[in-house]
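Undergrad: Mind looking over this structure? Questions follow.
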Amino acid sequence: MEPNASLALESVAIPVHVETPDQPEGTVVLAPSAGGRWSSPSLTRLAEIFGRQGYRTVRFDFEYRAAGRAFPDSMPKCMACYRRVAEAFHPGGPLILSGQSMGGRVASMLAAEGFPCDRLICFAYPLHPEGQPEKLRDAHLPHLTVPTLLVNGTEDALCRRDLMEAVLARLPANVAMHWLQGVDHSLKPARGSGRKPSSVYEEIEMMLKE
């Protein structure tokens with residue numbers, strides 16, 4: 248599949264893919280993980296779920312990926328890219344900021360800064376680098392004021408459950424958590440979990456309907 252839109256930034260035009268159902272309920276902006284792209288299978292599955300629930304979905308590549316670089320830009324630059332996409336492709340109505348792993352982190356930092364949105368949904372939030380649980384990425388989370396949902400697997404190597412539970416205890420009541428049993432950081436069943444890959448997205452879809 249090819250992207251059906253683009254957005255010219257300072258150094259490169261980034262690919263954007265927009266899918267709009269009849270009479271959309273609102274817009275969901277979905278940002279990829281650090282190593283992902285707009286067309287990554289997991290991000291595509293998430294977009295399909297939101298689409299079935301009546302939302303316009305907007306997926307995009309961060310600037311560094313569009314430029315052919317593997318290493319992510321700084322958080323401020325990634326936030327600026329996300330902001331430009333949200334401003335350019337949100338025609339009005341309810342707006343949900345979302346993303347997977349780093350994409351969700353960027354979305355959460357924008358929301359914490361007060362970027363106007365109605366909800367925040369982060370999939371596989373990277374609470375800490377793999378193998379470095381002492382380096383928590385939680386400083387901005389107490390500043391979230393919009394309804395927020397964090398969705399992580401219990402086997403996520405970048406989100407140790409006990410550490411996330413301790414963080415959640417300090418967060419306002421508008422921040423909710425959903426744990427996917429036996430699922431890793433890539434939203435795939437962990438080895439030995441007994442889960443089928445399809446069951447992960449079925450659970451996500453049912454959870455988002457509630």
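Residues in the sequence shown are numbered consecutively from 248, following the numbering used here. For every residue, glycine included, the Cβ atom is placed at its ideal position computed from N, Cα and C.
#1: Candidates 274, 421 and 320: which alpha carbon is nearest residue 282's?
#2: First and last residue of the alpha helix (DSSP H) that includes residue 328?
#3: Could you check how far apart the C-beta atoms of residue 243 and residue 387 are, in whole angstroms? I think they sit under 8 Å.
#4: Using only the alpha-carbon positions, how far apart do residue 365 and residue 446 sit?
#5: Looking only at C-alpha atoms, which of 311, 455 and 251 sits nearest to residue 426?
#6: Report the option in 344, 268 and 438 whose CA atom is closest to the CA atom of residue 330.
#7: Give the DSSP-derived three-state secondary structure of residue 436 in the structure shown.
#8: What first and last residue would you give for the alpha helix (DSSP H) that runs through residue 302?
#9: Closest to residue 266 by C-alpha separation, out of 258, 252 and 279, would be which residue?
#10: What would DSSP say about residue 264, mapped onto helix, strand or coil?
#11: Residue 400: buried (16+ other C-beta within 10 angstroms of its C-beta) or exposed?
#12: Are residue 302 and residue 334 closer than 8 Å when you measure CB to CB?
#13: Beta strand (DSSP E) containing residue 423: first to last residue?
#14: Would you give the residue range spanned by the alpha helix (DSSP H) that residue 445 belongs to?
#15: Return the Cβ separation of residue 411 and residue 374 in integer angstroms, given the expectation that the two are a contact with Cβ distance under 8 Å.
#16: What are the boundary residues of the alpha helix (DSSP H) that includes residue 358?
#17: If you draw a straight line from the alpha carbon of residue 403 to that of residue 419, how long is it in whole angstroms?
#18: In the DSSP assignment, find the alpha helix (DSSP H) that holds residue 244 and state where it starts and stops.
TA: Taking the structure as given:
#1: When only C-alpha atoms are compared, the closest one is 320.
#2: Membership of residue 328 in the alpha helix (DSSP H) is indicated by the continuous run 322-336.
#3: Past the boundaries of the shown model lies residue 243; the chain is included only from 248 to 457, so the question cannot be answered.
#4: The straight-line gap from Cα to Cα measures roughly 28 Å.
#5: The option with the nearest alpha carbon to residue 426 is 455.
#6: The shortest C-alpha separation from residue 330 is found at 344.
#7: Correct three-state label for residue 436: strand.
#8: Per DSSP, residue 302 belongs to no alpha helix (DSSP H); it is in the beta strand (DSSP E), 302-307.
#9: Nearest option by C-alpha distance: 252.
#10: Residue 264: strand per DSSP, three-state reduction.
#11: Counting the other CB atoms within 10 Å of its CB gives residue 400 a total of 16 or more, which places it among the buried residues.
#12: For residue 302 and residue 334, no; Cβs fall outside 8 Å.
#13: Start and end: 422-427.
#14: First-last of the alpha helix (DSSP H) with residue 445: 444-456.
#15: Their Cβ separation, rounded to whole angstroms, is 5 Å, which keeps residue 411 and residue 374 in contact under 8 Å.
#16: Segment 349-360, the alpha helix (DSSP H) holding residue 358.
#17: Answer to the nearest angstrom: the Cα atoms are 23 Å apart.
#18: For residue 244 there is no data in the structure shown, the boundaries of the chain being 248 and 457.
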